[in-house]
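**Q**
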Amino acid sequence: MKIVIIAGSNRKEATSTILAKALEAQMNRLFVEVKLFNLYETPLPFYSPDEIFNRHEGVRELQRLLMEADGVILTTPEYHGGMSGVLKNALDHLGQMHFSGKPVLSVSSAGGAVGVSSLQQMQATIRNLHGINSPEWISIGGSQRAIYESEAAEGTIVLDYRAKEALSIFMELVKKISNKVEAEIS
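For what it's worth, UniProt numbering labels the leading residue of the sequence shown as 1, then goes sequentially.
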């Protein structure tokens with residue numbers, strides 16, 4: 001099973017990226033093959049339908065990772081009721097061939113209590129890309145953000161119970177769909 005996490009912030013120490021790293025660490029503990037694509041570390045050019053970006057190394061790498069993935073996790077800060085511009089731009093560089101039939105877990109970090117608007121926006125985008133939205137999502141805000149930031153500063157990031165449960169449900173969905181695809185191929 002291969003999972004790709006797209007950390008959708010252009011801020012070095014974004015809480016959503018800290019959360020992406022915690023998800024990566026949890027999956028590593030479960031011996032899941034996971035790749036974190038951090039948009040802060042690998043910025044992508046602005047998408048334009050008039051241009052072909054297949055020569056841009058970051059775009060090519062992201063597209064390759066998504067083609068090989070069995071499941072995808074998207075993390076974003078919530079900005080003005082939506083996902084970050086860099087995450088939306090990254091998704092614009094991708095298409096249905098990258099998401100069709102693949103489970104996707106949406107994750108948000110908000111300044112308020114929860115980031116429901118960004119989660120709904122990500123899920124609408126995934127539906128349009130023919131991905132399969134996980135029935136659960138992860139959203140942290142308020143005091144939860146402070147806990148994740150504090151743990152990251154200490155080098156000990158641990159997912160809370162609800163995040164672990166949402167990740168578990170997502171992983172079961174990935175397994176179920178992967179097994180179904182393998183059975184159809186055989």
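Quick reminder that beta carbons are idealized off the backbone N, C-alpha and C, glycines included.
On the criterion of 16 or more Cβ atoms from any shown chain inside 10 Å, does PHE46 qualify as buried, or is it exposed?
**A** Its Cβ having fewer than 16 others within 10 Å, PHE46 is exposed.
**Q** What residues are listed by DSSP as bridge partners for TYR79?
**A** Partner(s): GLY82.
**Q** The ligand SAM and LYS35: does any heavy atom of the ligand fall closer than 8 Å to the residue's C-beta?
**A** Absence of the ligand SAM from the depicted structure is noted, as is the absence of any ligand whatsoever, leaving it without description.
**Q** Contact defined as beta carbons within less than 8 Å: I believe VAL107 pairs with THR156. What is the distance between those atoms, to the nearest angstrom?
**A** Not confirmed; about 20 Å, so no contact.
**Q** Enumerate in chain order the residues of its own chain whose CB-to-CB distance from GLU57 is below 8 Å, with the five nearest sequence positions on each side excluded.
**A** Nothing listed; no residue qualifies.
**Q** Taking all protein chains shown into account, decide if PHE170 is buried (16 or more other Cβ within 10 angstroms of its Cβ) or exposed.
**A** It is buried - the Cβ of PHE170 has at least 16 other Cβ atoms within 10 Å.
**Q** LYS2 to HIS98, Cα distance in whole Å?
**A** The alpha-carbon atoms of LYS2 and HIS98 are separated by roughly 13 Å.
**Q** Is the distance from the Cβ of PRO77 to the Cβ of ALA110 below 9 Å?
**A** Cβ atoms of PRO77 and ALA110: closer than 9 Å.
**Q** Would you mind sorting GLU24 into buried or exposed? The rule is 16 or more other CB atoms within 10 Å of its CB.
**A** Buried.
**Q** What three-state label does DSSP hand PHE37 in the structure shown?
**A** In the structure shown, PHE37 sits in a strand (DSSP, three-state: E or B).
**Q** Would you decide whether ASN38 is buried or exposed? Buried here means 16 or more other CB atoms lie within 10 Å of its CB.
**A** Classification for ASN38: buried.
**Q** How close, in whole Å, do the beta carbons of ILE5 and ILE52 come, if the pair is a contact with beta carbons under 8 Å?
**A** Wrong, their Cβ atoms sit about 26 Å apart, outside the cutoff.
**Q** Label MET67 either buried or exposed according to how many other C-beta atoms from any shown protein chain fall within 10 Å of its C-beta, with 16 as the threshold for buried.
**A** By the 10 Å Cβ count, MET67 comes out exposed.
**Q** Would you decide whether TYR148 is buried or exposed? Buried here means 16 or more other CB atoms lie within 10 Å of its CB.
**A** Buried, since its Cβ has 16 or more Cβ neighbours within 10 Å.
**Q** Taking the alpha carbon of GLY141 as the reference point, which residue from LYS88, ALA14 and ASP92 has its own alpha carbon closest?
**A** Minimum Cα distance to GLY141 is reached at ALA14.
**Q** State the DSSP-derived secondary structure class of SER106, mapped to helix, strand or coil.
**A** Note: SER106 maps to strand in three-state DSSP.
**Q** What three-state label does DSSP hand SER143 in the structure shown?
**A** Reduced to three states, the DSSP call for SER143 is helix.
**Q** Compare the C-alpha of LYS21 against each of ALA163, SER48 and LEU94 and name the closest.
**A** Residue ALA163 is the option with its Cα nearest to LYS21.
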